[in-house]
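Novice: My questions will all concern the structure given below.
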Amino acid sequence: MKRKMWTLVQTDFKKMNKYVFLLPFVSCAFVLLFASLSIKYNPVDEFPWESYLLQMSTTCSIFLPISMTMICSHIANSEHRYNMWKQTFTFPLRKSGIYFAKLIECIIAEIAFFVSLMIGFIFIGFIFLETDVSLINLILKVFVSLFIAYIPIIAFQLWLSLIIKNQAFPISIGILLAIFSYTFYVFPFDIGRLLPWTFPSSVLPIQLVIDEAQNMSIIQTTNPAMYVGLSLIVGALIIFISMLHFTKRDIM
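Residue numbers (the working numbering): 3 to 254.
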């Protein structure tokens, strides 16, 4: 089954528009650009690397969901546009296997984004900031946590893209949720922190604090590991529900 799934992944990659492969790297370039400009004009002198990490994660919360929305839509749209689901389902693979093949394609795109982002982040940091090897552990922790935190969002977006034929709806929903994700924090009783779109900021081990005198400092957050675990649980739940929905629904 695994071999057939990878065969389907390779077939899908061959069918894709070559420009789609550039989306993770273009998004990565924008994240690095905006994060670099932000620390240049709004630096936290005592914590330059930590400030850079926070600016990167904030910018990432806009560009990554939008780029993954476009990628998820493209992955599903070739079957939707040309009514090729019937042909895809003739592939010697169960519907659940077809779903996981599509999910793997999205995860590969996410991996490409974060690997290129981490390489670019460290490269730019070593050029413009003081070299501090002791922060490598923090950098790795932030990137791994962010990777996990975005899985529920990607799974939800793929679910919409696979089920809804008119891709204008999944794209619109994905873009709006990415843009307004920070407004979820105003929900009462911390309900917003249970929504996947707040996980990327909740998993960070550090946060920026501004006091009454407008002085900025960076402190450690409490229980970021809890939100990493919550991201895994919610991500697995969304994947399971969307897989069942995909296998039982007639989308041809």
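Cβ coordinates follow ideal geometry from the N, Cα and C atoms, glycine included.
With the cut-off set at 8 angstroms, would you say residue 206 and residue 59 are in Cβ contact?
Specialist: The answer is yes: Cβ separation under 8 angstroms.
Novice: Under 8 angstroms by Cβ, that's how I've got residue 198 and residue 118 pegged, so tell me the actual separation to the nearest angstrom.
Specialist: Their Cβ separation, rounded to whole angstroms, is 23 angstroms, which puts residue 198 and residue 118 out of contact at 8 angstroms.
Novice: Identify every residue that forms a DSSP beta bridge with residue 210.
Specialist: Residue 210 is bridged to 220.
Novice: Kindly examine the ligand NAD and report whether one of its heavy atoms sits closer than 7 angstroms to the Cβ of residue 155.
Specialist: This structure does not include the ligand NAD; it has no bound ligands of any sort.
Novice: Which word fits residue 136, buried or exposed, when buried means at least 16 other C-beta atoms lie within 10 angstroms of its C-beta?
Specialist: Classification for residue 136: exposed.
Novice: Near residue 64, what residues of its chain come up, given a Cβ to Cβ distance below 6 angstroms and the 5 sequence neighbours on each side ignored?
Specialist: Taken in chain order, the residues that qualify are 180.
Novice: Please go through the same chain and pick out, in chain order, the residues whose beta-carbon is closer than 8 angstroms to the beta-carbon of residue 116, but skip the five residues on each side of it.
Specialist: 145, 148 and 149, listed in sequence order.
Novice: Quick one, which of 122, 156 and 153 has its alpha-carbon nearest residue 141's?
Specialist: Of the candidates 122, 156 and 153, the one whose C-alpha sits nearest the C-alpha of residue 141 is 122.
Novice: Please tell me whether residue 201 and residue 194 are closer than 8 angstroms, where the distance is taken between their beta carbons.
Specialist: Contact flag unset, no.
Novice: Using 8 angstroms for Cβ pairs, my map puts residue 173 next to residue 92. What's the rounded Cβ distance?
Specialist: Not confirmed; about 28 angstroms, so no contact.
Novice: Helix, strand or coil for residue 229 per DSSP?
Specialist: Of the three classes helix, strand and coil, the one that applies to residue 229 here is helix, per DSSP.
Novice: On the DSSP letters alone, give me the boundaries of the alpha helix (DSSP H) that residue 204 sits inside.
Specialist: Here the alpha helix (DSSP H) through residue 204 covers 201–204.
Novice: Mind reading off the beta-carbon distance from residue 255 to residue 53? Whole number of angstroms is fine, and I expect it under 8 angstroms.
Specialist: Since the displayed the chain opens at 3 and closes at 254, residue 255 lies outside it and no answer follows.
Novice: Reducing DSSP to helix, strand and coil, say where residue 124 ends up.
Specialist: If DSSP states are grouped into helix, strand and coil, residue 124 belongs with the helices.
Novice: Short check: CB of residue 31 to CB of residue 105, under 8 angstroms?
Specialist: No. Outside cutoff.
Novice: My assumption, with CB atoms under 8 angstroms, is that residue 74 sits in contact with residue 163. Please give the rounded CB distance.
Specialist: At roughly 4 angstroms, the Cβ-Cβ gap stays under 8 angstroms, so residue 74 and residue 163 are in contact.
Novice: Can you give me the start and stop residues for the alpha helix (DSSP H) that residue 139 sits inside?
Specialist: Segment 138–151, the alpha helix (DSSP H) holding residue 139.
Novice: At what residues does the alpha helix (DSSP H) containing residue 43 begin and finish?
Specialist: Element bounds for residue 43: 25–43.
Novice: If I measure Cβ to Cβ from residue 111 and keep anything under 6 angstroms in the same chain, skipping five residues before and after, which residues do I get?
Specialist: Contacts found: 26 and 73.
Novice: Express the C-alpha separation of residue 248 and residue 165 in angstroms, rounding to a whole number.
Specialist: Distance between the alpha carbons of residue 165 and residue 248 is about 7 angstroms.
Novice: Out of 24, 170, 245 and 127, which one is the CA nearest neighbour of residue 82?
Specialist: When only C-alpha atoms are compared, the closest one is 170.
Novice: Cutting at 8 angstroms between CB atoms, please list the residues of its own chain near residue 238, excluding the five before and the five after it.
Specialist: Excluding residues within five positions, none has a Cβ falling inside 8 angstroms.
Novice: Count the other CB atoms, across all protein chains shown, that sit within 10 Å of the CB of residue 61; report buried if there are 16 or more and exposed otherwise.
Specialist: Classification of residue 61: buried, given that the 10 Å Cβ count is 16 or more.
Novice: Go through its chain and collect everything with a Cβ distance to residue 222's Cβ below 7 angstroms, but skip five positions before and after it.
Specialist: 207 and 208, listed in sequence order.
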